[in-house]
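Participant:
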Amino acid sequence: LYAQSGSDVHDAAYHHGLNHALISGPLTQEVLVRALKSGHSYISNGDFLALAVSIGNGALVRIMGDITPFPRSLPPNVPVQLVLLYSFAKPSKVTVFRGRVGDKGETALKSYSNLIGAGFVTLTTPLENTRSSHYRAYGEADDRSLACYTNPLFFRRL
Numbered sequence: 086l087y088a089q090s091g092s093d094v095h096d097a098a099y100h101h102g103l104n105h106a107l108i109s110g111p112l113t114q115e116v117l118v119r120a121l122k123s124g125h126s127y128i129s130n131g132d133f134l135a136l137a138v139s140i141g142n143g144a145l146v147r148i149m150g151d152i153t154p155f156p157r158s159l160p161p162n163v164p165v166q167l168v169l170l171y172s173f174a175k176p177s178k179v180t181v182f183r184g185r186v187g188d189k190g191e192t193a194l195k196s197y198s199n200l201i202g203a204g205f206v207t208l209t210t211p212l213e214n215t216r217s218s219h220y221r222a223y224g225e226a227d228d229r230s231l232a233c234y235t236n237p238l239f240f241r242r243l
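228 is the number that the numbering used here gives to position 143 of the sequence shown; each next residue is one higher, with no gaps.
#1: Considering Cα atoms alone, identify which of Leu169, Ala137, Leu212 and Pro161 is closest to Val179.
#2: What distance in whole Å lies between the Cβ atoms of Gly150 and Ser172, which are believed to be in contact at a cut-off of 8 Å?
#3: Would Ser177 pass as a contact of Leu200 if the rule is Cβ separation under 7 Å?
#4: Would Phe205 be called buried (16 or more neighbouring beta carbons within 10 Å of its own) or exposed?
#5: Starting from Ala137, trace the beta strand (DSSP E) both ways and give me its first and last residue.
#6: Between the Cα of Leu238 and the Cα atoms of Ile108, Lys189 and Ser126, which residue gives the shortest distance?
#7: Any contact between the segment 215-235 and the segment 132-147? By contact I mean 3 or more CB pairs, one from each, below 8 Å.
#8: Spatial neighbours of Pro161 within its chain, please: CB distance less than 6 Å, with the 5 preceding and 5 following residues excluded, ordered by chain position.
#9: Alpha carbon to alpha carbon, how far is Ala106 from Ile152?
#10: Using 10 angstroms around the beta-carbon of Asn236, count the other beta-carbons present and answer buried if the total reaches 16, otherwise exposed.
#11: Taking the beta carbon of Ser129 as the centre, do at least 16 other beta carbons fall within 10 Å, making it buried, or is it exposed?
#12: Count the other CB atoms within 10 Å of the CB of Leu203; is the residue buried (16 or more) or exposed (fewer)?
#13: State the Cα-Cα distance for the pair Ile148 and Leu167, rounded to the nearest angstrom.
#14: Are there 16 or more other CB atoms within 10 angstroms of the CB of Val165, so buried, or fewer, so exposed?
#15: Once you ignore the five residues that flank Val163 on each side, which residues in its own chain have a CB closer than 7 Å to its CB?
#16: Can you tell me the Cβ-Cβ gap for Arg216 and Arg185, rounded? I've got them flagged as a contact below 8 Å.
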C-alpha cells in the first residue's frame with residue numbers, strides 16, 4: 086500500500102499535498118499509472134523529495150516504492166547507501182526513517198537541516214537482516230509551509 090494524497094475538506098484546502106510521480110521518458114497515461122501503482126511517487130505541496138538506495142557499490146539501485154527481497158542467509162551489516170534527492174524553495178529539514186516488521190514505530194536515522202535549492206544527501210546504514218524493513222523520508226520547510234513525504238523503499242526477508 087503506497088501513500089496517496091486526498092482531501093475531504095469542504096472549503097479551501099490549506100497546504101494540501103498532492104501526488105507526484107517519478108517517471109522516465111514521455112508522460113503517457115500508461116507510464117503514469119505504472120509509476121503510481123509501483124509506488125514511484127511522493128506527496129508534496131510544492132517541493133521535491135525522492136528516495137533511492139544503492140547496494141553493492143551501485144550494483145543494485147532501487148527507488149521508493151520498490152520491494153527488494155533478500156535471503157535469510159544475508160550476512161549482518163551489509164551496507165546500503167540511501168540517496169535523498171531534493172529541491173526546496175525555502176530552507177528545509179529532511180529526516181530519514183527506518184521501520185521494521187514487528188516494531189511499534191519507526192526510528193529516525195538522521196536529519197539534515199538548512200537544505201535549500203536542488204541537491205542530494207546520502208546516508209550509509211547497515212541493512213536490517215533479521216526481518217523485513219523499510220526506509221522513508223519526510224521533508225519540511227523551516228516555516229512549516231511546505232512538506233514532502235516519500236513512499237517507503239521496502240526490503241523483504243525471504
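We put the CB at the ideal spot given by N, CA and C, even for glycine.
Facilitator: In brief:
#1: Leu169
#2: Rounded, the Cβ-Cβ distance is 19 Å, inconsistent with contact.
#3: yes
#4: Flag for Phe205 reads exposed.
#5: Phe133 to Ile140
#6: Ser126
#7: Under the Cβ criterion (8 Å, minimum of three pairs), the segment 215-235 counts as touching the segment 132-147.
#8: Asn214
#9: Ile152 has its alpha-carbon roughly 17 Å from the corresponding atom of Ala106.
#10: In summary, Asn236 is buried, with 16 or more beta-carbon neighbours lying within 10 Å of its beta-carbon over all protein chains present.
#11: Per the 10 Å Cβ criterion, buried.
#12: The identity of residue 203 in the sequence shown is Ala, whereas the question assumes Leu. Per the 10 Å Cβ criterion, exposed.
#13: 10 Å
#14: buried
#15: Pro211, Leu212 and Asn214
#16: 6 Å
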